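Protein chains: 4
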Amino acid sequence: MGVNRGRQSFQHPGPTNIPERVLRAMDRAQIDYTSVEFQNTLSECQEKLGHVFKTEHAVITYAASGHGAWEAALANVTSPGDLILVVQSGFFSEKWSGFAEGLGLKTETLETDWRTAADPAQLEERLRRDTDHTIKAVMLVHNETSTGVVNDCAEIRAAMDRAGHPALYLIDAISSLACFDVNMDEWRADVVVAGSQKGLMMPVGLSFTGVSAKAIEASQNATTPRSYWDWRRLLTGMRQTSFHGTQPVTLIFGLHEALMMIEEEGLDQIFKRHNILAEATRRAATIWSENDGPQIVATNIKSRSDTVTALLMPDGYDADEVRRIALEHFNVCLAPGLAGLKGRIFRIGHMGDLNASMMLGALASCEAALEIVGVPYGKGGINAAMTYLVSAAGAEASLGSIDESVSPIRKSA
Amino acid sequence: MGVNRGRQSFQHPGPTNIPERVLRAMDRAQIDYTSVEFQNTLSECQEKLGHVFKTEHAVITYAASGHGAWEAALANVTSPGDLILVVQSGFFSEKWSGFAEGLGLKTETLETDWRTAADPAQLEERLRRDTDHTIKAVMLVHNETSTGVVNDCAEIRAAMDRAGHPALYLIDAISSLACFDVNMDEWRADVVVAGSQKGLMMPVGLSFTGVSAKAIEASQNATTPRSYWDWRRLLTGMRQTSFHGTQPVTLIFGLHEALMMIEEEGLDQIFKRHNILAEATRRAATIWSENDGPQIVATNIKSRSDTVTALLMPDGYDADEVRRIALEHFNVCLAPGLAGLKGRIFRIGHMGDLNASMMLGALASCEAALEIVGVPYGKGGINAAMTYLVSAAGAEASLGSIDESVSPIRKSA
Amino acid sequence: MGVNRGRQSFQHPGPTNIPERVLRAMDRAQIDYTSVEFQNTLSECQEKLGHVFKTEHAVITYAASGHGAWEAALANVTSPGDLILVVQSGFFSEKWSGFAEGLGLKTETLETDWRTAADPAQLEERLRRDTDHTIKAVMLVHNETSTGVVNDCAEIRAAMDRAGHPALYLIDAISSLACFDVNMDEWRADVVVAGSQKGLMMPVGLSFTGVSAKAIEASQNATTPRSYWDWRRLLTGMRQTSFHGTQPVTLIFGLHEALMMIEEEGLDQIFKRHNILAEATRRAATIWSENDGPQIVATNIKSRSDTVTALLMPDGYDADEVRRIALEHFNVCLAPGLAGLKGRIFRIGHMGDLNASMMLGALASCEAALEIVGVPYGKGGINAAMTYLVSAAGAEASLGSIDESVSPIRKSA
Amino acid sequence: MGVNRGRQSFQHPGPTNIPERVLRAMDRAQIDYTSVEFQNTLSECQEKLGHVFKTEHAVITYAASGHGAWEAALANVTSPGDLILVVQSGFFSEKWSGFAEGLGLKTETLETDWRTAADPAQLEERLRRDTDHTIKAVMLVHNETSTGVVNDCAEIRAAMDRAGHPALYLIDAISSLACFDVNMDEWRADVVVAGSQKGLMMPVGLSFTGVSAKAIEASQNATTPRSYWDWRRLLTGMRQTSFHGTQPVTLIFGLHEALMMIEEEGLDQIFKRHNILAEATRRAATIWSENDGPQIVATNIKSRSDTVTALLMPDGYDADEVRRIALEHFNVCLAPGLAGLKGRIFRIGHMGDLNASMMLGALASCEAALEIVGVPYGKGGINAAMTYLVSAAGAEASLGSIDESVSPIRKSA
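Chains A, B, C and D supply the protein sequences, listed in that same order. Using this note's numbering, the first residue of the first sequence is number 4, and each one after it goes up by one. Using this note's numbering, the first residue of the second sequence is number 4, and each one after it goes up by one. Using this note's numbering, the first residue of the third sequence is number 4, and each one after it goes up by one. Using this note's numbering, the first residue of the fourth sequence is number 4, and each one after it goes up by one.
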């Protein structure tokens with residue numbers, strides 16, 4: 004089968020499918036970034052970003068990948084030697100923690116087995132023990148992209164409240180924002196980090212920090228050296244009024260279009276769509292897990308992500324072989340396991356610009372790839388996904404019967 | 004489910020999916036069409052078109068839709084009052100026949116029930132009776148897009164040969180060219196008509212006639228009035244050297260890229276890919292036809308098209324309701340029945356820039372739509388398609404087992 | 004100088020510069036042409052085309068180049084042997100006349116020297132002599148693209164009226180529509196022909212006929228064989244409701260965007276813009292014509308076109324050498340002389356998506372190319388163009404004086 | 004004059020005109036960044052970047068604007084409290100200096116009047132006085148975009164050598180790279196900073212540091228906190244093998260295409276083209292400066308930039324009014340004065356994807372805008388530019404005379 008023909012089914016958990024409208028919005032000549040037209044575009048982006056973050060506070064935009072916003076989140080509110088409590092979730096929580104260390108911060112990690120969500124009670128207990136408030140900030144990855152495990156940001160907030168601890172609350176919402184609910188203000192999050200290439204349906208290139216008043220206050224006294232990320236250089240009062248150097252005109256054009264599309268669909272509908280497509284994926288994966296087949300990495304049903312499902316291969320089977328076959332025979336791109344998980348898991352992204360037909364194509368291909376590779380699995384995952392989607396379509400359907408028979412074929416049949 | 008999000012699964016039998024590369028090739032500034040650069044591009048297109056038509060003769064390009072090339076095919080080789088023998092196949096053979104009448108020609112139709120291919124014996128018999136060779140030309144639609152029935156051009160040629168009749172042989176290959184085998188020279192076809200928006204993966208806008216030496220000779224004496232279509236104005240010797248007026252620069256850029264892609268994949272591989280995806284569709288449809296479900300319109304297995312499969316609804320069920328549900332819940336665009344077939348059939352296009360994942364997504368969505376609408380059907384069409392595709396993947400697959408277990412998850416599991 | 008770097012200054016009189024917005028509008032996936040979305044797009048195009056043609060009557064769209072619409076204009080209102088009176092203007096009037104002959108019509112030509120506009124008195128005289136009304140139609144090219152000579156459609160209409168002749172009035176407005184005034188209904192034109200690649204700022208691919216009630220009536224009895232162009236197949240009452248075969252989705256997307264841009268700018272402003280840029284060109288060319296330099300082909304000032312200026316070289320100098328130098332050293336594409344005019348003239352297109360800076364760049368390059376080639380010419384054409392544009396900017400300008408001197412440079416200066 | 008019609012003449016000194024090819028290269032679907040295809044693309048970019056920087060050492064790519072690379076250049080080779088010697092040139096040298104301070108470094112500035120290039124003797128003298136080598140690094144902006152003044156990097160290197168000082172040599176080549184000569188290895192520069200949006204003809208989004216072996220060695224012991232910019236996380240040996248997080252697929256596609264175009268034209272030809280267009284601009288500006296007109300900011304002829312020319316207004320005249328008129332009447336975008344220079348100067352960018360016709364259009368418009376605003380100026384700047392370009396075309400031109408006179412117009416003339 005010619006693998007390079009037709010549209011690739013791109014089931015990555017970031018970058019994700021970029022809609023035609025967004026690609027085309029970026030495909031235009033530069034304009035003066037000091038012009039009224041561009042400044043209005045930028046202002047609208049800032050306002051719409053606030054809606055997506057569900058915050059009244061500033062959302063600061065950087066020309067950088069999401070890891071840049073990680074550094075911004077840390078550098079602005081800390082001083083060398085500050086202790087950061089890292090709620091472990093997987094590859095990305097570890098990497099973010101490593102960024103903290105690179106900035107000269109101390110870190111302490113609340114460990115998990117990477118398959119279950121963070122335990123609020125464990126966090127509460129640790130914070131209670133920190134009676135002199137040495138812990139400067141709690142760092143949490145909302146949706147761990149490497150495993151498909153979701154942490155409950157509201158429960159973590161509640162645990163911090165119960166412990167009465169004043170630590171700043173830093174959340175990486177990179178692979179959850181604009182896919183399922185991120186509610187910065189309700190969670191009283193102090194810094195929420197996001198990137199352009201996931202639910203925002205953009206290329207890599209922009210990243211963001213939503214910043215609370217408490218975070219901005221902290222930034223006044225924070226002494227970690229910084230310039231590019233420095234909120235003090237970017238904010239006037241509570242609003243970003245400055246970029247460093249030339250503004251990223253092309254990327255802002257794309258962001259604006261993406262935010263328009265998000266507004267048009269509506270966050271609630273977007274969340275519902277992601278949930279339905281994720282649930283269809285999980286229904287399929289649950290069937291596949293029978294007969295000693297691949298297991299969903301996230302062991303706890305309520306911690307399974309609506310944006311990515313990671314599947315752990317049975318012993319002796321190579322996840323990358325499944326990926327290779329899916330790619331070569333079906334033109335489906337599945338994501339690999341990261342670092343030590345390489346070959347052990349594959350990941351099905353289901354975030355961003357995606358619909359039911361695309362999802363079914365990917366799932367059917369995935370099931371066929373399991374068959375071709377010879378991995379043990381339970382058959383009929385695709386049917387479970389279809390059955391679920393039929394039920395999700397629900398009451399909207401009507402039986403379409405018509406009375407007349409006017410077709411020549413009908414007559415001749 | 005938000006229907007406008009994600010890439011639409013566009014299962015039309017024309018226009019078809021236009022590859023990114025082709026869209027981008029057309030998305031550029033105009034250049035002087037008298038420049039060497041453009042003239043080289045045009046020459047390469049002509050040469051590559053010859054390979055696709057499998058002809059040593061000229062393939063003439065018009066700025067027009069396929070119906071324009073229909074008229075060109077007729078106008079250049081006929082004189083008013085000439086008799087054309089129309090091999091009926093469905094909506095498009097009738098429409099082409101109507102074009103002949105509009106040009107002042109007489110037509111006689113060899114009828115079918117629209118569900119079976121043309122009968123070579125019937126044609127042979129009619130031609131044998133035409134002892135004074137009143138019949139000027141035989142007109143055949145290779146692949147009847149309205150029904151998914153394929154005619155056998157080689158057998159029709161053989162029938163004409165057996166009858167010893169000198170009629171010109173005009174073939175509409177609009178929805179077969181570059182999808183399954185069109186062999187102009189082997190069939191000794193005199194005019195082969197094609198359009199840009201099917202297997203050539205382009206927008207509507209260009210159409211083509213491959214023209215034999217016999218056709219060109221006939222054009223010298225043909226008196227049907229014509230200017231725009233007139234080969235004498237376009238050809239120098241056996242090669243097109245002229246366009247009417249401004250050359251279609253943008254469309255030629257797209258055509259060139261599409262022909263490059265065809266060359267890269269190779270016609271044999273393209274035909275194989277279409278056949279496999281079509282067969283997957285037929286396997287699904289055959290299962291669906293159980294339990295008094297929708298029937299494949301083409302009754303004869305060997306006459307089923309590799310580019311479109313039309314399904315005839317059971318009595319009392321509206322094909323357009325299935326299409327509506329597929330579109331609204333799965334973002335799959337299926338094609339309607341044309342004219343009198345509207346509501347009676349729906350058509351699944353499987354031509355052009357398509358792969359296995361796209362096909363599976365469409366078929367799964369289609370099966371789910373049948374379920375939602377409440378049409379009787381046999382369940383498991385999607386599984387039959389998958390099983391077939393697994394077998395088609397064949398010996399290429401290898402069992403991917405690995406020895407080591409290095410993943411943290413594995414260890415902690 | 005690297006000629007292929009930077010944006011080419013494309014001063015062709017068709018195809019013309021296609022705006023980014025139009026290119027991008029065409030650069031998207033296909034949609035179902037039977038969908039409500041597409042049908043609405045098409046309806047809006049038809050309505051907006053009516054505004055551009057200034058007609059209450061139907062404007063019919065073809066998938067074809069402008070020469071296709073030429074044939075449509077003739078084939079629908081004539082019968083074999085009808086006499087057409089051709090008002091000669093240049094290459095294109097001759098070519099259109101040739102199309103009439105190809106359709107089996109008789110033609111008679113009112114000759115000019117190709118450098119002056121059609122003479123209404125000459126036409127009136129000829130029509131008066133046609134006492135039995137043998138002349139079926141008068142055929143006029145509004146703006147002769149090959150020479151830059153404009154004919155006065157209103158005066159031609161008045162001459163026909165004075166002669167009391169019932170001939171149909173066929174106008175080719177291909178290179179005038181949406182550039183300077185075309186007023187189909189005021190002129191009581193019966194068929195107005197246009198193409199997409201000029202003032203409509205589109206690629207070649209669509210063409211149009213505006214058709215009066217009288218033309219539609221004539222089409223009922225016209226016997227010239229036709230199918231593709233046949234209004235009877237395309238119109239329901241007075242409105243186009245049908246296309247032949249697959250609708251040209253991509254081109255219609257582009258047309259819609261172009262018509263939106265035309266509406267946004269407004270026809271009056273578009274005409275003014277073309278007039279100013281053309282006048283700047285003429286001011287430059289008038290200076291160049293001094294010292295036995297190149298002469299504007301159109302001898303009569305009031306017949307000089309607002310969309311193209313053709314310059315006749317002094318004896319012994321090759322226009323194509325000027326074009327070559329302009330291209331190689333300045334990346335300016337000028338248009339060649341057509342047919343017998345090749346080498347004798349070059350043409351500066353100034354139509355479509357063009358502004359003052361683009362025009363000045365082309366004119367300065369053109370003057371420099373004359374210098375390099377060594378053609379005799381009057382120096383300072385560019386200055387005349389600038390002076391004119393300064394005056395055209397007129398009262399809008401204000402002297403910008405500021406009071407303060409805050410710059411470090413000012414201080415240090 | 005409708006200002007929004009036609010292509011804007013975008014004479015910004017960054018971002019610059021992005022070629023169609025580069026925009027289109029970015030306008031495509033995402034691919035797996037771990038794929039062989041993407042990794043090859045990335046490797047090719049790294050190799051080609053080395054050629055452009057003229058270095059055998061690594062060029063590291065960041066997802067960030069040029070200011071990010073500023074920070075990277077400083078953070079990787081310094082420790083808190085280190086002294087940096089800033090060679091002042093204008094707005095950007097001051098801003099970079101401010102970045103150094105944000106990172107906790109001490110700075111000392113060698114002052115200029117912003118209109119003359121850095122004085123090597125002054126630098127040599129200061130370095131000689133630094134007998135205990137307190138100065139850690141010398142920081143120089145090669146081409147000061149805010150004023151159009153160029154510093155001589157080779158002479159600065161020679162001064163450092165003469166002083167025998169071991170300071171690191173940090174160069175901002177943001178607005179010179181790929182426009183005029185940057186020769187990292189010959190200058191023994193330790194860090195060369197660049198951005199994507201200038202000579203690389205890309206949007207803002209990527210930036211770069213070329214890093215010498217000495218710089219990499221310095222980075223081993225540098226203690227300025229850093230993660231995102233940290234070379235140790237990005238380099239394996241002397242080569243970048245890592246990006247932070249998701250790789251910037253779309254921007255790398257664009258970069259690859261831009262680097263291909265640079266290779267096709269060749270650096271020498273690119274430098275020559277920039278020099279010619281800059282010289283044309285300077286010839287025009289020199290004429291304008293007569294009659295108390297605007298003065299070129301760079302007072303010393305040999306320090307005038309080949310990428311941007313800044314013009315200082317006569318007292319009492321507002322540069323932004325000239326910019327407004329150029330924009331509104333000619334659709335030419337000129338760049339404003341930055342910070343304290345706002346209103347005092349305007350800047351004509353002449354870098355990147357630019358040709359002679361574009362330049363002439365901008366210069367003619369600029370001269371016309373001076374006239375409209377009523378600023379005193381010397382007339383005929385455009386002619387001086389044209390004369391220069393004619394001479395630059397030089398021996399390549401040939402007189403094009405032809406013998407025959409075959410045109411109908413010639414005959415009738």
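Just so it is clear, CB atoms sit at the ideal spot from N, CA and C, and this is done for glycine as well. This one's a predicted model, so the numbers in the text were calculated from it and none came from an experiment.
Among the residues facing chain B, Lys-98(C) is included, as its CB has a counterpart in that chain under 9 Å away. For chain D, the residues of the stretch 20 to 34 of chain A that bring a beta carbon within less than 8 Å of one of its beta carbons are Asn-20, Ile-21, Leu-26, Arg-27, Met-29, Asp-30, Arg-31, Ala-32, Gln-33 and Ile-34, in chain order. Assignment of Arg-132(C) by DSSP, reduced to helix, strand and coil, places it in the helix class. Within the stretch 209 to 247 of chain B, the complete alpha helix (DSSP H) segments at least 4 residues long are 216 to 224 and 234 to 237, listed from N- to C-terminus. The way I'd put it, the stretch 19 to 31 of chain D does touch the stretch 244 to 259 of chain D; three or more beta-carbon pairs between them come closer than 8 Å. Of Val-378(A), Thr-44(A) and Arg-191(A), the smallest CA-CA separation from Met-263(A) is found for Thr-44(A).
The C-beta of Trp-73(B) comes closer than 9 Å to at least one C-beta of chain C. Here the alpha carbon of Gly-340(A) sits roughly 21 Å from the alpha carbon of Pro-206(A).
As the crow flies, the alpha-carbon of Glu-220(B) is around 18 Å from that of Gly-105(C).
Your pair Leu-126(C) and Leu-113(C) checks out as a contact, with CB atoms roughly 6 Å apart and the cut at 8 Å.
Secondary structure at Ser-100(C): helix, using DSSP grouped into helix, strand and coil. Residue environment for Val-153(A): buried (at least 16 other C-beta atoms within 10 angstroms of its C-beta). Nearest C-alpha to Ala-124(D) among Asp-135(D), Asp-155(D) and Ile-299(D): Asp-155(D). At a cut-off of 9 Å, the C-beta of Ala-365(C) has no neighbouring C-beta in chain B.
Between Ala-218(A) and Asp-193(A) a beta carbon distance of about 4 Å is seen, short of the 8 Å cut, so the two are scored as contacting.
For Ala-66(B), the nearest CB of chain C lies under 9 Å from its own CB, placing it at the interface with that chain.
Among the residues of the stretch 219 to 249 of chain C, those with a Cβ less than 7 Å away from any Cβ of chain B are Thr-227, Pro-228, Arg-229, Ser-230, Tyr-231, Asp-233, His-247, Gly-248 and Thr-249, in the order of the chain. By the C-beta density criterion, Gly-17(A) is buried, having at least 16 other C-beta atoms within 10 angstroms. Pairing Leu-203(A) with Tyr-172(A) gives a Cβ-Cβ distance that is not under 9 Å. Around Pro-18(D), the beta-carbon contacts reaching into chain A at under 7 Å are Gln-33, Thr-249 and Val-252. Around the beta-carbon of Val-55(C), 16 or more other beta-carbon atoms lie within 10 Å, marking it buried. Separation of Ser-245(D) and Met-361(D) (C-alpha to C-alpha, rounded to the nearest whole angstrom) is 40 Å. Residues of the same chain with a CB within less than 8 Å of the CB of Val-378(B), apart from the 5 flanking positions on each side, are Gly-296, Pro-297, Met-316, Pro-317, Tyr-320 and Val-325 in chain order. Comparing C-alpha distances from Gln-200(A) to each of Leu-237(D), Pro-251(D) and Gln-200(D) shows the shortest one belongs to Pro-251(D). Sequence-distant Cβ neighbours of Asn-186(A) in its own chain, meaning closer than 7 Å and more than five residues away, are Lys-57. Annotation note: the stretch 331 to 404 of chain D contains the following uninterrupted beta strand (DSSP E) runs of length 3 or greater, listed N- to C-terminal: 335 to 339 and 348 to 352.
For the 9 Å CB-CB criterion, His-277(D) and Met-354(D) form a contact. Looking only at Asn-79(A), Pro-83(A), Glu-189(A) and Thr-212(A), the smallest Cα-Cα distance to Thr-64(A) is reached by Thr-212(A). Using beta-carbon distances, Gln-200(A) does not count as an interface residue toward chain B, since no partner is under 9 Å.
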